[in-house]
Every structure is written in structure tokens, then in C-alpha cells.
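Following: one structure in C-alpha cells, then a few remarks.
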Amino acid sequence: MERDQVIVRTSVIGILANLALAGFKAAVGLVSGSIAIVLDAVNNLSDALSSVITIIGTKLAGRRADKEHPFGHGRIEYISAIIISVLVLYAGITSLIESVKKILSPTIPEYTAPGLLIIAVAVVVKLLLGRYVKGIGEKVDSNALKDSGQDAMMDSIISASTLVAALIFLTTKLSVEAWLAAVISLVIIKSGYEMLQESLSVILGERADSDLTRGIKETITSFPEVYGAYDLVLHDYGPRLMIGSVHIEVDDTMTVDRLDVLERDITQKVLAAHHVILVGISVYSHNTRDDSATKMLEDIRRAAMSQDFVLQMHGFYADPVEKVISFDIIVDYAAPDAVAVRQAVFDEVQRMYPDYTAIIAIDRDVSD
Numbered sequence: 010m011e012r013d014q015v016i017v018r019t020s021v022i023g024i025l026a027n028l029a030l031a032g033f034k035a036a037v038g039l040v041s042g043s044i045a046i047v048l049d050a051v052n053n054l055s056d057a058l059s060s061v062i063t064i065i066g067t068k069l070a071g072r073r074a075d076k077e078h079p080f081g082h083g084r085i086e087y088i089s090a091i092i093i094s095v096l097v098l099y100a101g102i103t104s105l106i107e108s109v110k111k112i113l114s115p116t117i118p119e120y121t122a123p124g125l126l127i128i129a130v131a132v133v134v135k136l137l138l139g140r141y142v143k144g145i146g147e148k149v150d151s152n153a154l155k156d157s158g159q160d161a162m163m164d165s166i167i168s169a170s171t172l173v174a175a176l177i178f179l180t181t182k183l184s185v186e187a188w189l190a191a192v193i194s195l196v197i198i199k200s201g202y203e204m205l206q207e208s209l210s211v212i213l214g215e216r217a218d219s220d221l222t223r224g225i226k227e228t229i230t231s232f233p234e235v236y237g238a239y240d241l242v243l244h245d246y247g248p249r250l251m252i253g254s255v256h257i258e259v260d261d262t263m264t265v266d267r268l269d270v271l272e273r274d275i276t277q278k279v280l281a282a283h284h285v286i287l288v289g290i291s292v293y294s295h296n297t298r299d300d301s302a303t304k305m306l307e308d309i310r311r312a313a314m315s316q317d318f319v320l321q322m323h324g325f326y327a328d329p330v331e332k333v334i335s336f337d338i339i340v341d342y343a344a345p346d347a348v349a350v351r352q353a354v355f356d357e358v359q360r361m362y363p364d365y366t367a368i369i370a371i372d373r374d375v376s377d
């Protein structure tokens, strides 16, 4: 079954389960006068709406690329996850307001055995539903499903708390319903905030997964012609489309036709192994004509790496004819002034090799 079909089917199951639970809880809450149970029912309705949004987002994200959106519409899934987060936040805030009203004007709740049984069943159902939805979300890499599943699992804990409050009232006549509802509201607000923060972080552009970037670089350097892979940049256009670019270091004697074949082979292997499309492969030259370049590389690497905030040096090439030394340094984000770091490295290189002109580019630590 295709990914979109799996997400839609899982969301439909979530909708049906949440609507059934909402109906049962609302009936019990209204009969017993329990604000916590009523609010829990409202939360189930918001969960059902979240599943509807997930379905709509999945359908829109699955549309083919067009002239206006050449990379497709996959990021709509992240937008749908944001909408779900906002709904969860709204539900939490409104329920907190109602809870405060009940604290200020308390009422005596009434519980029945059937009602308590329904709540107990709801705990089990929401726990199983949450684990199922979240598991499918992780399997198909759907943030919206993962958020819905996590929310459902949280709901099971909230329902269990409601059940505990009811048992406390029946045994001690101490009503903690309104206070419990307030706690529930705060938990919902916290969950919604965390979901929103995660979804916004993805859209802003997160650092690529370390295992993925290391794996891609290992795949690239598995080619014997490649000395190293650097400056790997990945752009996420949705769960099903990630494109990137990279620098590779090869012999300065490699011909263009051989380089063309190599780049094509790298692109195909990375796509097959990691499902990432490399749209750009740039080249660093590796010195083979000048024996003194090896010693220069060692000296300059030692000098560069001795500077604070320099994480890596790569792309070194020495031109003995033009008397030019060029290389890149990766500067830590913690550096207060990256340009000053570069200047310090430049000054040291010029001191060591005054006959050469150093050309140093600053790279950022964008991937592991």
C-alpha cells in the first residue's frame, strides 16, 4: 500500500475512534456534571479534526510538481502539522479558561458505574490508538500522524487521571475535578507548544540527521577516485523529497569525461542507498603534480586547526606556478567573529609561505 493510502487509512481509524469516544464521554460528563470529562470529550473532537486535517494535508502534498512549485508540494504536510499544533493549543487554552471558572464556581459532580466503566475503556482505547497511529507515523515519516499519535497517548493518561479523580471523590467526597481539569489543560498546552515548535523548526530548516549525512559521505568516498566529501547541504522539500549538493576531492589530472561518469555514478548510488537527489557535485582538486604540496598541506592544516573555532580544513590546493594556496575552513557557530578567525589563519599561512597568496573560504558547519 502506498504511503498516502496508509496515512489516510490510519487517519480515518483515528477519526472514527475519537468520535465514538467523544460521544460517550460527553454523555457521561453532562449527566454527572463532570467538567473534566466534558473537556476530555472536547479534546477527542479536536483529535478527530486533527485527523481530518492530516488527510487533507496528505492529499494536497501528494500533488505533482508544477511550474510554480518545481519541487512538489510535500511541505504542505509540515503546514498541516502546524495547524494541528495550533488546534491542540487552542483546545488547551479554552479548557483552561473553563477550568478556572469551575474552580471559582465549583459544582458537585455525580458519578455512575457505567460512566466510570466508559472512562476506563477510553483509557485503553486511546493508549492503543495512540501507539498505533504514532507507530504508523514513524514508519511512513509523517509528522502529522506522529503528533496525533502522541496526543492520543497523552489523552490516555489524562483520562486515567480523570478516573482517579472520580475514585477519590467517591471514597473521600473530595472534589478535585476543576483542579484536575486545569492540570489537564496545562498538559495539553505544553504538548501543543512542543508540537508547534517542532513543526516550525522543520520549515525553518533543521540540521540534517547525522546518521544520514555520514552515510551519504561514506557512500561517496567508497568510490576509489574520491579522496573526501565535504560541504554536504541537504534541503527538505517534504518527507518524500530531499535534494542536496556536495564537494568531492579528486585528482587534478582527472579528465572531464571521467569526472562526468564519476558524478553520475555517485548520484545514482546515493539516490539508491539514501533516497537523496544530489543536484550539484562540485570539485576540489587534489595535488598530484607537486610533491612539496603534501608537506605544505600538513603544515597549513596544523596551523589552521590550532586556531580557536576552526572545526575542519579541506579543499586544499597549491598552485606552484601561480603561487596560490587555496582551501576552506569550517568555522564553529560559537565563534564571535568568523571573519576574524579566517584572518588569523590567513596571517599564519602568509607568515609560513610568504611567496604564496592564500585564498581562504569560510564554510559553515552545516552537516556532520
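Here the numbering used here is used: the first residue of the sequence shown is 10, the next is one more, and so on.
Cβ atoms here follow ideal geometry from the backbone N, Cα and C, with glycine treated the same way.
Beta-carbon proximity check, residue i vs residue j, cutoff 8 Å
i	j	result
A90	H82	no
V348	I369	no
M290	I257	For the sequence presented, residue 290 should be read as Ile rather than Met. Cβ atoms of I290 and I257: closer than 8 Å.
V97	G201	yes
L138	G224	no
I334	A313	no
S376	L271	no
L105	L205	no
I16	A100	no
V259	E234	yes
K68	N53	no
Y293	Y326	yes
T63	S157	yes
S254	V288	yes
Y246	R12	no
I275	I229	yes
I102	S59	no
P115	S184	yes
T297	D261	yes
Pick from the options that is closest to residue i, judged by C-alpha positions
i	options	result
A174	W188, H323, D356	W188
D374	S208, D356, L243	L243
L28	A370, I275, H323, V51	V51
L365	E227, G237, D328, D346	The sequence as given places Tyr at residue 365; Leu does not occur at that position. The shortest C-alpha separation from Y365 is found at D328.
M322	A238, M263, A281	A238
L209	L39, K304, V95, G324	V95
L113	A190, I197, Y293	A190
V40	A122, D299, G144, Y141	A122
Q14	T303, S151, I117	S151
L154	I65, R310, L172	I65
Secondary structure of residue i, DSSP reduced to three states
i	result
L287	strand
S170	helix
A344	coil
G146	helix
M263	coil
V185	coil
V255	strand
A217	coil
F336	strand
G71	coil
D13	helix
V292	strand
I212	helix
T63	helix
G23	helix
Y365	coil
G81	coil
I371	strand
F318	coil
F325	strand
T228	helix
K76	coil
S157	helix
S200	helix
E234	coil
D356	helix
Contacts around residue i, its chain only, beta-carbon distance under 7 Å, and the 5 residues preceding and following it disregarded
i	result
S168	D49, I128, A131, V132, K135
A161	D56, K135, L138, G139, V142
Contacting residues, own chain, Cβ-Cβ under 6 Å from residue i (five flanking each side not counted)
i	result
I212	Y87
V340	F318, A347, V350, I371
L176	none
T180	none
S108	A187, A190, A191, S194
I252	H244, I286, V288
A282	T228
A26	L138
Host alpha helix (DSSP H) of residue i (start-end)
i	result
A312	301-314
Y87	85-113
Unbroken beta strand (DSSP E) run spanning residue i, endpoints
i	result
Y239	237-245
Cut-off 8 Å between Cβ atoms - residues of its own chain near residue i, not counting five sequence neighbours on either side
i	result
L30	A50, N53, A131, V134, K135
Y342	R373, D374
Residue i CB to nearest heavy atom of the ligand COA below 7 Å
i	result
I225	By its list of ligands, the structure shown contains no ligand whatsoever, and the ligand COA lies outside what it can speak to.
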